[in-house]
Amino acid sequence: MKLITRICWVLLGAIFIFSGLIKLNDPVGTALKLEEYFDVFAEDFGRFFLVFKGSTRSISIVLSSLEVVLGVAVLLRWHLRNTLKVLLGLLIFFGFLTFYSAAFNKVTDCGCFGDFIKLTPWASFAKDLFLLGLWAVVFFNFRYLRRVFATGQLGVMYMTMASAIAIGIGVRALGHLPYFDFLPYKVGNNIGQLMKASEPMRYQYIMERNGETKEFTEYPTDTTWKYKQMVSLNPDAGPKITDFRVWNDAGDYTAKLLTGNKLILIIQSTDKADRDRFLQINQLMLSADSSSKKITPLIITSSSPADFDAFRHDVNLSAPFYYADATVLKSMIRSNPGFILLQEGVVKGKFHYHDIPTRGKLEELL
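All residue numbers for the sequence shown refer to full-length UniProt numbering, where the first residue is 1 and numbers rise by one.
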């Protein structure tokens with residue numbers, strides 16, 4: 001039992017650290033997931049939860065950093081009994097969220113491990129039950145973990161360092177872009193190719209007749225069989241990008257966007273867009289237009305035509321503009337505004353508005 005307890009102790013601490021760091025890698029993505037939860041709670045339990053929507057980024061960094069710090073505290077056995085009590089509260093909270101999402105089909109991805117590992121709601125709940133099992137083994141076999149690796153001022157120093165590092169990681173990612181991009185629009189990906197299936201989709205048809213159930217790889221022509229269920233045999237072969245579409249009043253622009261060299265300024269929503277950098281943004285758009293690499297600057301937004309028209313006049317934007325779905329733009333870049341550089345549909349660069357590149361930098365990437 002001593003060995004099992006120590007294995008559970010290491011797993012519990014390591015999983016919490018890993019989970020927190022994955023979220024801190026992309027605090028904007030975590031904040032978007034929190035907004036989704038608050039919307040659900042506001043609808044089901046009262047509009048009070050909408051109060052928190054304006055603070056989701058701060059809450060994202062605090063909760064994610066707390067996971068890291070608690071994980072470090074577990075591994076160092078720093079005030080272990082009290083740390084485990086705090087962990088229990090966190091596990092109950094996360095368990096409620098994942099069970100509620102799964103049971104009532106409210107939030108289809110809990111974001112427990114960011115976009116690095118996608119979990120279904122029931123898988124997320126099972127993960128929380130597993131962590132609760134680890135916690136129980138450690139808590140009820142505390143006698144095997146009496147040696148503490150950091151006590152007194154040394155322990156306080158370690159916890160302070162862990163807190164500072166965790167918060168620093170999140171704040172930097174918030175002010176720039178994620179350190180690691182796990183989304184379909186990451187640098188190096190070909191958007192056009194990801195919109196296609198990697199191979200023909202194959203399905204298995206489950207049919208029923210007179211109480212007998214049978215599986216078919218082709219839909220049966222015998223009409224006495226009644227359709228029951230269709231299961232994909234190669235789900236990973238499907239398109240990784242299914243909702244990418246760009247348009248304007250003249251029609252669909254998606255195919256043209258994925259040709260040539262394009263510098264895209266993404267403005268997800270005008271009401272939340274940072275306006276402090278538009279002098280530099282306009283300068284880059286103008287200089288890119290005169291590049292020898294034939295870079296075409298353009299703008300994509302999810303705001304309404306009226307809102308964007310007022311906004312572009314306010315910040316003196318003059319490039320052609322198009323529209324796309326808000327969720328798609330949030331997946332494309334965690335910055336509002338932000339730049340994406342495309343070459344024949346391949347993502348060559350992504351830039352936060354705090355890291356506006358020069359024309360020379362764009363030309364180097366093409």
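For every residue, glycine included, the Cβ atom is placed at its ideal position computed from N, Cα and C. Since this is a predicted model, take the numbers as computed values, not measurements.
Looking at the DSSP output, Lys214 shares a beta bridge with Met207. Here Leu3 is exposed: its Cβ has fewer than 16 other Cβ atoms, across all protein chains shown, within 10 Å. A straight line joining the alpha-carbon of Ala103 with that of Trp122 spans about 8 Å. Secondary structure note for Lys118: it is in no beta strand (DSSP E), with a DSSP letter that is neither H nor E.
Judged by DSSP secondary structure, Tyr323 falls within the beta strand (DSSP E) whose first and last residues are 321-323. Counting only runs of 3+ residues, the beta strand (DSSP E) found wholly inside the region 139-210 occupies 203-209, in chain order. Out of Arg245, Phe182, Ile61, Asn248, the CA that lies nearest to the CA of Leu174 is found in Ile61. Spanning the alpha carbons of Asp243 and Asn82 requires a straight line of approximately 47 Å. Residue pairing of Lys262 in beta bridges, as defined by DSSP: Thr296, Leu342. The beta carbons of Phe99 and Phe125 sit about 5 Å from each other, so the pair counts as a contact at 8 Å.
When the Cα atoms are used, Arg334 and Met1 turn out to be separated by approximately 46 Å. Segment contact: the region 307-320 against the region 274-284, three or more CB-CB distances shorter than 8 Å; contact assigned. DSSP, reduced to helix, strand and coil, places Gln229 within a strand of the structure shown. Of Leu154, Ser163, Ile264, Pro235, the smallest CA-CA separation from Tyr185 is found for Ile264. Looking from the CA of Thr224, the closest CA among Met207, Asn234, Glu218, Pro239 belongs to Met207. Under the three-state reduction of DSSP output, Ile4 falls in the helix class. For Phe278, same chain residues with a beta-carbon under 6 Å away, outside a window of 5 residues either side, are Val315 in chain order.
Taking Ala150 as reference, the option from Phe180, Ala73, Ser58, Ser163 with the minimal CA-CA separation is Ala73. By a beta-carbon distance limit of 8 Å, Val187 contacts Gly349. Their separation comes to about 6 Å. In this structure, Thr270 lies near Phe311, with their beta-carbon atoms less than 8 Å apart.
Excluding its 5 nearest sequence neighbours in each direction, Leu342 has C-beta neighbours in its own chain below 6 Å: Lys262, listed in chain order. Ranked by how close their Cα comes to the Cα of Arg57, the residues Ala31, Leu50, Trp78 have Ala31 in first place. Shown here, Lys240 sits in coil according to DSSP, grouped into three states, outside any helix or strand. Assigned with DSSP and collapsed to three states, Gly89 falls in helix. Within the same chain, Cβ atoms closer than 7 Å to the Cβ of Leu88 are found at Trp135, the five residues on either side in sequence being excluded. Where Ile59 is concerned, the enclosing alpha helix (DSSP H) starts and stops at 56-76.
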